[in-house]
Amino acid sequence: QSKQGDLTRVTISGGGDPSCYPRFTDLIELLGSMEAPLHIGYTSGKGWDDPKTADLLIDNGLSEISFTVFAADPALRKRYMHDPTPDISLKILEKLCEHADVYAAAVILPGINDGPVLEHTCSWLEERGAKGIILMRFANATNQGLILGNGPVIPGQRVHTITEFRDIITDIQSRHQMKISGTPLWDPEIGCPFAILNEPDLLKKLPQVSRRASVLSGAIAAPYVQKILTECGAQAPVIAVDKEIACLITIEDLQSVPLADLEETVILPGRAFIHDPEAADVLSRDGTVRLVVRGPEMLTADAETSMGMTRDQVLEMEMNGFSQLIWIINRFGKD
Numbered sequence: 001q002s003k004q005g006d007l008t009r010v011t012i013s014g015g016g017d018p019s020c021y022p023r024f025t026d027l028i029e030l031l032g033s034m035e036a037p038l039h040i041g042y043t044s045g046k047g048w049d050d051p052k053t054a055d056l057l058i059d060n061g062l063s064e065i066s067f068t069v070f071a072a073d074p075a076l077r078k079r080y081m082h083d084p085t086p087d088i089s090l091k092i093l094e095k096l097c098e099h100a101d102v103y104a105a106a107v108i109l110p111g112i113n114d115g116p117v118l119e120h121t122c123s124w125l126e127e128r129g130a131k132g133i134i135l136m137r138f139a140n141a142t143n144q145g146l147i148l149g150n151g152p153v154i155p156g157q158r159v160h161t162i163t164e165f166r167d168i169i170t171d172i173q174s175r176h177q178m179k180i181s182g183t184p185l186w187d188p189e190i191g192c193p194f195a196i197l198n199e200p201d202l203l204k205k206l207p208q209v210s211r212r213a214s215v216l217s218g219a220i221a222a223p224y225v226q227k228i229l230t231e232c233g234a235q236a237p238v239i240a241v242d243k244e245i246a247c248l249i250t251i252e253d254l255q256s257v258p259l260a261d262l263e264e265t266v267i268l269p270g271r272a273f274i275h276d277p278e279a280a281d282v283l284s285r286d287g288t289v290r291l292v293v294r295g296p297e298m299l300t301a302d303a304e305t306s307m308g309m310t311r312d313q314v315l316e317m318e319m320n321g322f323s324q325l326i327w328i329i330n331r332f333g334k335d
């Protein structure tokens, strides 16, 4: 990342775990020679088996890191993250908290690392200076987001309901100063996703919906999207598919959509994993030819996005996203 030709930050990110890179030390020393703040976008830390790794990172300019902790209990970390050296990983995390902005993350399994275990983990992180923790709701079924046919991940493992998960975040945030938020929801500090619902003056500034189109969304977001569009005069209902996360909707989800409920124009989530012509075929198989178009990529911010944002920035994102969605409805919808 650069500004006016000057390097302002180097970010390590991607599909893998940097702690498991075979030439991680060489990479960090090379990047450190550039004398720019270093940001590691994600690591589990389980590839690090030497406490001196923390010194390596600090000495080479680490300024921010996202670190999956699961629990501050080494035994749980070893069992569920398959960390061969959990005590060392936690020592590294502890030292990094003293010298860099650390944002922890934990996938929450009911009965495993929630309840008192989660309280201990949050207290442990806060005492060591972590900036925040993102709690990730465990997914164990296709409709919860396992789209590669690899579910269940843990046979028989219960999953928190959305209401339970939201209540956990609200409760634990009330007892801690560091930021605690969750994905797929929620951020108590900002009020997102869909913080705009608490801002009636901003809702009034959105364009009015003047045409009819069916907006498809995930099961979690659909009620919120419906409320906002209704405030803007929409008559057509938002259609919720069985998949909870809109960005993970696949063609299989469309096959169970009741076609009789659809308008002649159907708007898909911008990031849905669907080939548009195939979607048009599936949604037109009752003989009504339907126009399928894409909506905005983002309508709001989940915790992974809002963790580094202000409330005003989230509201601006939502205003832009819904203004664009309403423009698409009015451009491609039917009278």
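Note that the sequence shown covers residues 1 to 335 in the working numbering. Think of the CB as a built atom: it goes at the ideal place given N, C-alpha and C, for glycine as much as any other residue.
Problem set entry | Span of the beta strand (DSSP E) around R294 | Unbroken beta strand (DSSP E) run through R294: L291 to R294.
For this session: Measure the CB-CB distance between P37 and G61 and report whether it falls below 7 angstroms.
Result: Yes. Within cutoff.
Exercise. Do you know how far the Cα of D171 is from the Cα of L68?
Worked result: Rather than Leu, the amino acid found at residue 68 in this sequence is Thr. Annotation: T68 to D171 spans about 21 angstroms, alpha carbon to alpha carbon.
For this session: Look at the Cβ atom of L90, then the Cβ atom of A54, and state whether they are nearer than 7 angstroms.
Result: Going by C-beta atoms, L90 is not nearer than 7 angstroms to A54.
Exercise. Looking at the structure shown, is H333 part of a helix, part of a strand, or coil, going by DSSP?
Worked result: Looking at the sequence shown, residue 333 is not His but Gly. In the three-state reduction of the DSSP assignment, G333 falls in the coil class, being assigned neither a helical nor a strand state.
Exercise. Using the beta-carbon count (16 or more within 10 Å), is Q177 buried or exposed?
Worked result: That one is exposed.
For this session: On the DSSP bridge assignment, give the partners of T250 in chain order.
Result: Partner(s): F273.
Problem set entry | Sequence ranges, alpha helix (DSSP H) only - wholly within the segment 80–127, length at least 4 | Segments of the alpha helix (DSSP H) lying fully in the segment 80–127: 86–99.
Exercise. Do E252 and I220 have their C-beta atoms within less than 7 angstroms of each other?
Worked result: No, they are not a contact pair.
Exercise. Among I328, I58 and S19, which one has its Cα closest to the Cα of S210?
Worked result: It is I328 whose Cα lies nearest to the Cα of S210.
Exercise. When burial is assigned at 16 or more other CB atoms within 10 Å of the CB, is M307 buried or exposed?
Worked result: Residue environment analysis places M307 among the buried positions, since at least 16 neighbouring C-beta atoms fall within 10 angstroms of its C-beta.
For this session: Go through its chain and collect everything with a Cβ distance to P207's Cβ below 8 angstroms, but skip five positions before and after it.
Result: C232, S323, I326, W327 and N330, listed in sequence order.
For this session: Identify the continuous alpha helix (DSSP H) that holds S306 and give its terminal residues.
Result: Per DSSP, S306 belongs to the alpha helix (DSSP H) from A303 to S306.
Exercise. How should D187 be labelled, buried or exposed, when 16 other C-beta atoms within 10 angstroms of its C-beta is the threshold for buried?
Worked result: Classification of D187: buried, given that the 10 Å Cβ count is 16 or more.
Exercise. Taking just the CA atoms, how far does I134 sit from R290?
Worked result: A direct Cα-to-Cα measurement between R290 and I134 gives close to 40 angstroms.
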